[in-house]
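Novice: Residue numbers for the sequence shown follow numbering that gives the first Met the number 0, so the first one is 0 and each next one is one higher. Ideal placement from N, C-alpha and C gives every residue a C-beta, glycine not left out. Before we start, here is the structure in question, set down as structure tokens.
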Amino acid sequence: MIKEAIALLTKKEDLTNDMVEQVMGEIMTGEATDAQKAAFLTALSMKGETIDEITTAAKYLRDHCEYFENDKDVLEIVGTGGDGSNTINISTISSLIVSAGDVMVAKHGNRAASSKCGTADCLEALGVKIDIEPDKMKKVMDESNISFLFAQKYHPAMRFVGAVRKEIGIRTLFNLLGPLANPARATMQLYGVYSESLVEPLAHVLHNLGVKRGMAVYGMDSMDEISLSAPTKVCEFNGDDFKTYEITPEQFGLKTCRKSDLVGGEPAENAQIVRNIFEGKETGPKRDAVLLNAGAAFHIAKENVTIEQGIEMAREIIDSGKALKQLETFIQLTNA
């Protein structure tokens, strides 16, 4: 089927859901050759992925991942990565804060691909044990409201595309799929994308995947999260109600910074930045960027909470020491 799909894509024709599912099966079982995978992903990227194509591929990954038992509403804060910004781990820090505010968070992530420090690298450097078994991580989430689902552990079939993705060196369907393939099946999601053109389509993909309330966001300075250094385009939805708008840091009483103010480093450095924020030693742009994203996450997770109110909730959680306590609890439970 992958040959037929490649032929259609070279003519800029969209694929049916059945065809996408069959091709995903051939790719993720190792049946397709590397040349076929590269041709398919490149041709699909050049045509442009449709909402249905992305949705079907994401459903395939969800249906074929390592099982993680969850029947509760959970939030995920995640970005596609690959934006080249090398910023601190904003979504990871925000996840810890929001989980300390009575929101259940299932963070799904991996080691760094293009940056120096991915979610897994940062959490590991902080002392979190990232590769524990699903049943144990479920207990951690039940006890603390926070979990980390290590993508390598839950999606072993991704090994069939890793080398090809590196060799072709362009963004492909799989850059979008990782954040959509959370084994906990998040029902609330703040999803940062790498292109303005993806904001509205990806919001609809989230909706198709069962997300009840969510935001797809793009920082206009090429950031896959809500930016503190530029306006951010947002497509927000609650049920079937969608709205698209722009926000700026100034709207929420935060100062715009330079993008370079948010740059992180190696895992040990980024881990220290997390602690500095939580211990009140970092009070500048890095903290503000986290407050803005955590505030938006609270807005998604708690009905009738505005982004402004969410920012204040995040600020109180840091200032009261709850965020630091949550981090220490997470470290302790995963290592128990």
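By the 10 Å Cβ neighbour count, where 16 or more other Cβ atoms means buried, how is F173 classified, buried or exposed?
Specialist: By the neighbour-count rule (16 or more Cβ atoms within 10 Å), F173 is buried.
Novice: Quick check on DSSP: helix, strand or coil for T338?
Specialist: No answer is possible for residue 338: the residues shown for the chain start at 0 and end at 335.
Novice: Does the Cβ of P155 have 16 or more other Cβ atoms within 10 Å, making it buried, or fewer, making it exposed?
Specialist: P155 should be labelled exposed.
Novice: Near E235, what residues of its chain come up, given a Cβ to Cβ distance below 7 angstroms and the 5 sequence neighbours on each side ignored?
Specialist: Closer than 7 angstroms at Cβ, skipping near neighbours: M214 and K242.
Novice: So, under 8 angstroms CB-CB, G263 and I272 are touching, yes? Tell me the CB distance rounded to an integer number of Å.
Specialist: Indeed they touch by this definition, with Cβ atoms about 6 angstroms apart.
Novice: At what residue ranges does the segment 98 to 180 contain a whole run of the alpha helix (DSSP H), taking only runs of 4 or more?
Specialist: The segment 98 to 180 contains these whole alpha helix (DSSP H) runs: 118 to 125, 133 to 143, 150 to 153, 158 to 167 and 172 to 176.
Novice: Ends of the alpha helix (DSSP H) at L197?
Specialist: Looking at the DSSP string, L197 is not in any alpha helix (DSSP H), and its letter there is neither H nor E.
Novice: Between F277 and the rest of its own chain, which residues show a CB-CB distance below 7 angstroms, the 5 nearest in sequence each way excluded?
Specialist: Hits under 7 angstroms: I317, A322, L323 and L326.
Novice: Please list the segments of the beta strand (DSSP E) lying wholly inside the segment 245 to 301, counting only runs of 3 or more residues, in order along the chain.
Specialist: Complete beta strand (DSSP E) runs here, min 3: none at all.
Novice: Does any residue of chain B have a CB that is nearer than 8 angstroms to the CB of K115?
Specialist: As a matter of chain content, chain B is missing from the structure shown, which is built from one protein chain.
Novice: Go ahead and pull the three-state DSSP assignment for N237.
Specialist: Three-state DSSP puts N237 in a strand.
Novice: Should the segment 73 to 92 be called in touch with the segment 22 to 41, which here means at least 3 C-beta pairs below 8 angstroms?
Specialist: No contact exists between the segment 73 to 92 and the segment 22 to 41.
Novice: Would you please state the rounded distance, in angstroms, between the beta carbons of A99 and N109? I believe it to be under 8 angstroms.
Specialist: So it is not a contact: roughly 24 angstroms between Cβ atoms.
Novice: If you check the beta carbons only, do P187 and I299 fall under 8 angstroms apart?
Specialist: The question names Pro, yet the displayed sequence has Met at residue 187. Yes, the pair counts as a contact, with Cβ atoms nearer than the cut-off.
Novice: Is the CB-CB distance between L291 and I225 below 8 angstroms?
Specialist: For L291 and I225, yes; Cβs fall inside 8 angstroms.
Novice: Looking at the unbroken beta strand (DSSP E) that takes in E75, where does it start and where does it end?
Specialist: Note, E75: beta strand (DSSP E), L74 to G78.
Novice: Is the CB-CB distance between A56 and I5 below 8 angstroms?
Specialist: No, they are not a contact pair.
Novice: With A313 as the anchor, note down where its alpha helix (DSSP H) starts and where it stops.
Specialist: Its alpha helix (DSSP H) spans residues I306 to D318.
Novice: Could you please give me the residues that DSSP links to L189 through a beta bridge?
Specialist: According to DSSP, which records beta bridges pairwise, L189 is partnered with I76 and M214.
Novice: If you count every other CB in all the chains shown that lies within 10 Å of the CB of N181, and 16 or more means buried, which is it?
Specialist: Answer is buried; the Cβ neighbour count reaches 16.
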